[in-house]
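Number of protein chains: 2
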Amino acid sequence: MRWCRFEDGDHATYGIIEGDRVTPVQGEPWGAYTRASTSRALDDVRLLVPVIPPTFYAAGLNYRGHVLEQAQLHGTEPAFPPRADVGYRANNALIAQGEAIVIPRDATEQVQYEGELVAVIGRRCRWVAEADALRYVFGYTIGNDVSERSWQRDDRTLFRAKNSDTFKPMGPWIETDLDPADLEVAIRLSGREVYRYHVRDAIFSLQQFIARTSDYITLVPGDVIWMGTDGPTENMHDGDVVEIEIPGIGALRNPVVKER
Amino acid sequence: MRWCRFEDGDHATYGIIEGDRVTPVQGEPWGAYTRASTSRALDDVRLLVPVIPPTFYAAGLNYRGHVLEQAQLHGTEPAFPPRADVGYRANNALIAQGEAIVIPRDATEQVQYEGELVAVIGRRCRWVAEADALRYVFGYTIGNDVSERSWQRDDRTLFRAKNSDTFKPMGPWIETDLDPADLEVAIRLSGREVYRYHVRDAIFSLQQFIARTSDYITLVPGDVIWMGTDGPTENMHDGDVVEIEIPGIGALRNPVVKER
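As structure tokens, this is what we get:
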């Protein structure tokens with residue numbers, strides 16, 4: 001099943017996508033909801049970020065290739081994470097399908113994409129075993145963990161390196177019936193494929209992240225876990241379009257503009 | 261003016277506190293609202309966390325005494341932050357006045373309080389000058405940035421060191437008419453005052469945090485900024501009660517229990 005969230009007059013509404021039509025619903029995808037009696041053309045609605053997460057989790061370093069690239073960039077020894085310790089991103093930075101990634105005025109050239117699988121939690125949970133973890137997942141969407149590398153290296157926190165406004169494109173929608181280990185992520189910069197990787201090559205699986213996080217933290221419906229990226233990343237420039245495609249979900253597409 | 265949020269049947273309602281009475285309101289404190297025609301005794305309502313922030317910001321290291329203490333604990337050189345770079349905490353960890361701080365089963369003895377002033381944003385803003393920053397603040401409450409020091413030192417992220425469930429008491433309410441530089445914070449552990457400091461001794465002021473954050477990030481109503489703590493901190497044990505008092509606001513009081 002494919003769920004979106006879209007602009008419906010002056011408020012946001014969840015909808016079910018079937019083919020090229022969207023049926024609005026009252027309620028939430030992970031709760032009780034009722035379908036409207038009429039649908040709309042998907043092309044005619046403005047998609048919003050598919051969920052505003054109560055808490056926004058991110059694996060951060062979770063692929064060997066990305067750890068090696070980042071260590072080289074920072075001039076440090078590669079340090080592979082010893083456990084599935086989750087990190088955080090911030091809701092202010094979320095933008096939807098088609099919205100522009102804005103490169104801040106004082107950013108260096110090193111503003112880069114990171115294409116990622118995103119899991120959306122569907123059921124409240126705590127102390128979850130790895131074997132049961134996927135039962136608490138509602139579905140999957142796509143994220144672009146945009147990063148300014150000089151700030152990531154030099155600032156005390158990730159507040160602007162990872163969380164400047166518009167730095168977290170997420171969407172276009174949530175797909176519920178998928179095996180997260182059986183997915184490929186393809187990243188295209190202005191039409192050119194720059195990298196492709198398998199989600200199953202992650203250092204820690206989604207199940208491991210859910211199990212370890214839930215040893216200390218209650219996960220709730222709508223929480224998202226961004227699973228990290230693999231491989232090298234390139235600079236994005238004013239006028240570029242970046243696409244993250246995960247066959248089975250779709251493609252998250254955002255133009256890039258430089259703030260003036 | 262003093263604002264709270266409380267349990268009202270099966271939902272959460274904002275209320276205005278006058279003396280020992282609470283008047284429920286429809287709407288939000290920073291928007292259009294209407295007062296109910298009747299009030300209730302403050303003692304008869306169950307206070308909730310005074311706001312669920314869209315984004316939960318925290319200054320982290322922001323007092324010289326705390327930086328020195330933490331460096332000693334971690335066996336590192338003290339590094340004073342060069343700029344007002346804000347960090348993050350997570351909504352899952354929020355608890356209200358009177359709710360129990362639960363020490364996780366596998367935590368060390370080093371689970372410690374950090375008593376802090378909390379600013380609540382009242383107006384959407386971006387690119388704010390320091391001189392104008394307080395115009396965007398709705399009011400002030402109190403936070404206890406509970407921290408497990410061994411995890412803070414050794415884990416890759418702060419997910420369990422700072423954000424285990426119940427590790428972020430906030431409340432009891434929001435006071436709107438205060439000068440944030442003219443406040444003292446007193447911390448008591450089971451009735452004994454363990455530390456007292458002046459907010460004005462912070463390395464960076466609230467105005468500096470708002471100005472720098474808003475160079476990259478849109479702050480929105482309900483966002484909170486926790487301002488950091490000063491001085492040494494002590495271990496909390498099962499059966500303790502920790503109180504953070506800021507005269508002019510009130511006292512945030514939480515019992516401590518060890519998870520079994």
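Top to bottom, those sequences are chains H and W. Using this note's numbering, you'd call the opening residue of the first sequence number 1 and step up by one each time. Using this note's numbering, you'd call the opening residue of the second sequence number 261 and step up by one each time. The beta-carbon is built from N, C-alpha and C at its ideal position, and this holds for glycine as well.
| Check | Outcome |
| --- | --- |
| Short CB-CB distance (under 8 Å) between S410 (chain W) and chain H | no |
| Residues that DSSP places opposite N404 (chain W) in a beta bridge | W:G375 |
| Per-residue contacts from Y88 (chain H) into chain W (C-beta, under 7 Å) | Y348, A350 |
| Start-end ranges of the beta strand (DSSP E) lying completely within the segment 406-481 of chain W, minimum 3 residues | 428-435, 444-449, 452-458 |
| Local conformation of H11 (chain H) per DSSP, three classes | strand |
| Residue(s) in a DSSP beta bridge with N351 (chain W) | Answer by DSSP bridge pairing: none, since N351 (chain W) is not bridged. |
| Local Cβ density within 10 Å of G75 (chain H), reported as buried at 16 or more and exposed below that | exposed |
| Chain W contact residues for R160 (chain H), given Cβ-Cβ distances below 7 Å | Y476 |
| S164 (chain H) at chain W interface by Cβ criterion, 8 Å | yes |
| Limits of the unbroken alpha helix (DSSP H) element including A71 (chain H) | 64-74 |
| Minimum Cβ-Cβ distance from D85 (chain H) to chain W less than 8 Å | yes |
| Assigned secondary structure, E390 (chain W) (DSSP; H/G/I helix, E/B strand, else coil) | helix |
| The segment 61-74 of chain H / the segment 297-305 of chain W touching (three or more Cβ pairs under 8 Å) | no |
| Cβ pair count under 8 Å reaching 3, the segment 222-242 of chain H against the segment 108-117 of chain H | yes |
| Three-way DSSP call (helix, strand, coil) for L42 (chain H) in this model | helix |
| Same chain, Cβ closer than 6 Å to E245 (chain H), neighbours up to 5 away in sequence not counted | A186, A251 |
| Neighbour-count burial assignment, F340 (chain W), 16 or more Cβ in a 10 Å radius | exposed |
| Buried or exposed (CB count within 10 angstroms, at least 16 for buried), Q467 (chain W) | buried |
| Which of helix, strand or coil DSSP assigns to R384 (chain W) | coil |
| Classification of T108 (chain H) by the beta-carbon crowding that lies within 10 angstroms, buried from 16 upward | exposed |
| Chain H residues whose Cβ lies nearer than 8 Å to that of D270 (chain W) | Ordered by position in chain H, no residue passes the 8 Å Cβ test against D270 (chain W), which lies about 14 Å from the chain. |
| First through last residue of the beta strand (DSSP E) which encompasses R513 (chain W) | 510-518 |
| Contacts that T493 (chain W) makes with chain H (C-beta to C-beta distance below 7 Å) | Simply none; closest approach about 20 Å. |
| CB of R102 (chain H) within 8 Å of CB of D165 (chain H), strictly | Note that residue 102 (chain H) corresponds to Val in the displayed sequence, not to Arg. In this structure, D165 (chain H) lies closer than 8 Å to V102 (chain H) by Cβ. |
| CB contact below 8 Å: T315 (chain W) versus chain H | yes |
| Where T213 (chain H) meets chain W, residues with beta-carbon distance less than 9 Å | F419, R420 |
| Assigned exposure category for R395 (chain W) - 16 Cβ within 10 Å defines buried | exposed |
| Minimum Cβ-Cβ distance from R416 (chain W) to chain H less than 8 Å | yes |
| Closer than 8 Å to chain W by CB, P172 (chain H) | no |
| Supposed close pair P169 (chain H), E99 (chain H) - CB separation, criterion 8 Å | 7 Å |
| Candidates W:F398, W:T489, W:V388: closest to L438 (chain W) by CA position | W:F398 |
| Chain H residues whose Cβ lies nearer than 9 Å to that of P364 (chain W) | D215, Y216 |
| Spatial distance of Q97 (chain H) from V49 (chain H) (CA atoms) | 7 Å |
| Selection of the segment 69-83 of chain H by Cβ proximity to chain W, strictly under 7 Å | P81 |
| Residue interval of the beta strand (DSSP E) (run including I363 (chain W)) | 361-363 |
| Cβ distance (whole Å) where G268 (chain H) is taken to contact P53 (chain H) below 8 Å | Residue numbering for chain H in the displayed model covers 1 to 260; residue 268 (chain H) lies beyond these limits and cannot be assessed. |
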